[in-house]
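Peer 1: Residues 3 to 340 in the UniProt record's numbering are what the sequence shown spells out, letter by letter.
Even for Gly, the Cβ is constructed at its ideal location relative to N, Cα and C.
Got a structure for you, written out below as structure tokens; questions coming shortly.
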Amino acid sequence: NPKKYILAIESSCDDTSAAVLCGTKVLSNVVATQEIHKQYGGVVPELASRAHQQNIVPVVHQALAKANIDKKQLSAIAFTRGPGLMGSLLVGTSFAKSLALGLDIPLIEVNHMEAHILAHFIEDENQTAPTFPFLGMTISGGHTQIVKVTDYFSMEVLGETLDDAVGEAFDKSAKLMGLPYPGGPLIDKYAKLGNPEAFPFPKPKVDWLNFSFSGLKTSILYFLQRETRKNPEFVSEHMTDICASVQHTILEILMEKLQLAVNQTGIKQIAIGGGVAANSGIRARLKDAEEKLGWQTFIPKFEYCTDNAAMIGIVGYLKFEKGKFTDQSIAAKARYAI
Ligand code: KG4
Ligand code: ZN
């Protein structure tokens with residue numbers, strides 16, 4: 003029984019990534035992060051597509067080389083069909099289709115949001131995977147979503163953001179404080195040194211398990227304007243307390259919704275993914291919930307939290323096993339619900 007090797011391609015936003023998997027095992031996971039967006043303080047879609055065009059071939063070559071696999075050994079190509087930026091998705095989709103056609107092997111389309119959740123099933127000797135059913139929470143610069151996961155391909159979105167993603171809330175707040183993009187990790191860093199209750203910010207009232215972060219950004223803006231009128235040095239003098247307070251408010255919102263989801267479903271296994279899962283505050287709060295509320299929480303290795311092709315590859319493998327292939331008429335989808 004020859005080994006099955008799957009090449010996976012991810013290009014939904016600003017990271018060009020390729021990975022090779024053998025079963026549930028990752029042999030390589032190469033990510034080219036586009037530095038060009040830093041100077042604009044956010045992702046510029048047009049520039050992202052261009053960078054994908056430049057990066058995709060070298061990234062795929064690197065992934066094959068690192069895995070020590072020749073492209074002729076590949077069993078299938080998996081790619082991100084959506085959701086994401088159309089121009090970015092088109093690059094990965096067209097590339098994957100062409101390569102599958104050229105090699106005459108099956109093509110597998112993957113939903114990026116499903117992949118963030120199924121990343122928990124990538125083999126990792128240091129971590130166990132959640133068992134079904136569990137709650138998935140994907141938190142990043144582009145997503146904020148709570149999903150009930152009953153099986154690999156049986157998922158239900160319980161709630162999501164109505165406006166900004168949680169990572170955007172971090173980044174936009176950081177920008178208001180004059181911090182460079184992306185500011186999330188810096189807020190995390192300064193928050194450790196500050197008082198989380200120094201400046202209370204209002205939490206939004208949003209129904210059910212949905213989220214809203216745009217109001218928080220506005221109240222931080224007004225707060226900083228008001229304070230700097232009184233003291234122009236306010237931000238620099240109170241940086242750690244502001245960061246701690248902003249982070250505290252965001253974490254309260256996330257934890258409240260998670261608690262609500264647990265109450266509503268009776269499910270206490272929580273699997274987190276997305277770049278914001280790196281936040282030390284959320285990690286501490288989840289650990290606390292394990293001890294106090296009997297939750298079981300799961301966070302994959304950081305390289306599988308942020309956008310990466312390995313998570314596309316694990317979905318590719320699971321679909322391969324079930325014979326869920328797609329044909330060459332497939333098109334990218336900017337809006338693509340779970
Ligand atoms: O998953 P990701 O790398 O990319 C996409 O959003 O597509 O997530 C990036 C987001 C950014 O908003 C960044 O500020 C945030 O994750 N982030 C953090 C931390 N590390 C990354 N936010 C808060 N605390 C962190 N330690
Ligand atoms: Zn993502």
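Using only alpha-carbon positions, find the residue among S19, N310, S14, F300 that is nearest to T133.
Peer 2: Along the sequence shown, read from residue 1 onward, the residue named residue 133 stands at position 131. Considering only alpha carbons, the answer is F300.
Peer 1: Cutting at 8 angstroms between CB atoms, please list the residues of its own chain near Y7, excluding the five before and the five after it.
Peer 2: Along the sequence shown, read from residue 1 onward, the residue named residue 7 stands at position 5. If we look at Y7 and ignore the five residues flanking it on each side, its Cβ neighbours are V22, L23, C24, L29, A69, I71, Q75, L76, S77.
Peer 1: Runs of 4 residues minimum, wholly inside the stretch 228-312: which ones carry the alpha helix (DSSP H) assignment?
Peer 2: 236-239, 241-267, 282-295, 304-307
Peer 1: Note down, in chain order, each residue of its chain lying with its Cβ closer than 6 angstroms to the Cβ of G283, except the 5 sequence neighbours on either side.
Peer 2: Numbered from 1 along the sequence shown, position 281 holds the residue referred to as residue 283. Cβ within range, chain order: Q249, L253.
Peer 1: Rounded to the nearest angstrom, how far is the Cβ of V278 from that of G138, given a contact under 8 angstroms?
Peer 2: Within the sequence shown, numbered from 1, the residue matching residue 278 stands at position 276. Within the sequence shown, numbered from 1, the residue matching residue 138 stands at position 136. In fact, because the Cβ distance is near 14 angstroms, the residues do not count as touching under 8 angstroms.
Peer 1: In the DSSP assignment, what are the bridge partners of Q147?
Peer 2: As a working mapping, residue 147 is identified with position 145 in the sequence shown. Answer is T140, E162, bridged to Q147.
Peer 1: Using only the alpha-carbon positions, how far apart do A280 and A167 sit?
Peer 2: Walking along the sequence shown from the start, residue 280 turns up at place 278. Walking along the sequence shown from the start, residue 167 turns up at place 165. Computed Cα separation, rounded: 15 angstroms.
Peer 1: Shorter than 7 angstroms, the distance from the beta carbon of G104 to the closest heavy atom of ligand 2, or not?
Peer 2: The residue labelled residue 104 in the question sits at position 102 within the sequence shown. No, ligand 2 has no heavy atom inside 7 angstroms of this Cβ.
Peer 1: Among Q261, E235, T35, I255, which residue has its Cα nearest to the Cα of I15?
Peer 2: Within the sequence shown, residue 15 is the residue found at index 13, counting from 1. What sits at residue 15 in the sequence shown is Cys, not Ile. That would be T35, whose Cα lies nearest to the Cα of C15.
Peer 1: Going by Cα to Cα distance, which pick from P202, E199, F201, S175 is closest to I189?
Peer 2: In the sequence shown, the residue the question calls residue 189 occupies position 187. For I189, the nearest C-alpha among the options comes from S175.
Peer 1: Mind checking V59: buried by the 16 CB within 10 Å criterion, or exposed?
Peer 2: On the sequence shown, position 57 is the one that residue 59 refers to. Exposed, because fewer than 16 other Cβ atoms sit within 10 Å of the Cβ of V59.
Peer 1: Keeping to the same chain, check which residues put their C-beta closer than 8 angstroms to that of Q298; ignore five residues upstream and five downstream.
Peer 2: Counting from 1 along the sequence shown, the entry for residue 298 is found at position 296. Once the five neighbours on either side are set aside, the close Cβ partners of Q298 are P132, K270, Q271, I272, E292.
Peer 1: Quick one, are the C-beta atoms of I255 and M179 less than 8 angstroms apart?
Peer 2: Locating residue 255 in the sequence shown gives position 253, counting from the first residue. Locating residue 179 in the sequence shown gives position 177, counting from the first residue. Not in contact: I255 and M179 (Cβ atoms no closer than 8 angstroms).
Peer 1: Among P187, G161, K335, which one has its Cα closest to the Cα of L262?
Peer 2: Along the sequence shown, one-based indexing puts residue 262 at 260. It is G161.
Peer 1: If distances are taken between C-alpha atoms only, which option among N113, Q227, G217, T267 comes closest to K207?
Peer 2: Here residue 207 corresponds to residue number 205 of the sequence shown, with the count starting at 1. Ranking N113, Q227, G217, T267 by Cα distance to K207 puts G217 first.
Peer 1: DSSP on K27, reduced to helix/strand/coil?
Peer 2: Walking along the sequence shown from the start, residue 27 turns up at place 25. K27 falls in the strand class under three-state DSSP.
Peer 1: Classify V61 as helix, strand or coil using the three-state DSSP reduction.
Peer 2: For the purposes of this step, residue 61 is identified with residue 59 of the sequence shown, where counting begins at 1. Helix.
Peer 1: Hey, would you say G84 sits closer than 8 angstroms to H114, going by beta carbons?
Peer 2: As a first step, residue 84 must be located in the sequence shown, where it is residue number 82. As a first step, residue 114 must be located in the sequence shown, where it is residue number 112. Annotated as proximal: G84 and H114, with beta-carbon spacing under 8 angstroms.
Peer 1: On the premise that G94 lies in contact with E48, defined as a C-beta separation below 8 angstroms, what is that separation, rounded to the nearest angstrom?
Peer 2: Here residue 48 refers to the residue found at position 46 of the sequence shown. Here residue 94 refers to the residue found at position 92 of the sequence shown. Actually they do not touch by this definition, with Cβ atoms about 16 angstroms apart.
Peer 1: For L87 versus A98, is the C-beta distance shorter than 8 angstroms?
Peer 2: The residue given as residue 87 occupies position 85 in the sequence shown. The residue given as residue 98 occupies position 96 in the sequence shown. Contact flag unset, no.
Peer 1: Mind checking whether the beta-carbon of C15 lies closer than 7 angstroms to any heavy atom of ligand 1?
Peer 2: Working through the sequence shown from its first residue, we reach residue 15 at position 13. Correct: C15 has its Cβ closer than 7 angstroms to ligand 1.
Peer 1: Give me the DSSP bridge partner(s) of F322.
Peer 2: Looking up residue 322 in the sequence shown gives position 320. Paired residue(s): none; F322 is not in a bridge.
Peer 1: Measure the C-alpha to C-alpha separation of K5 and T26 and round it to an integer number of angstroms.
Peer 2: For the purposes of this step, residue 5 is identified with residue 3 of the sequence shown, where counting begins at 1. For the purposes of this step, residue 26 is identified with residue 24 of the sequence shown, where counting begins at 1. The straight-line gap from Cα to Cα measures roughly 12 angstroms.
Peer 1: In three-state terms, what does DSSP make of E111?
Peer 2: Against the sequence shown, residue 111 aligns to sequence position 109. In the structure shown, E111 sits in a strand (DSSP, three-state: E or B).
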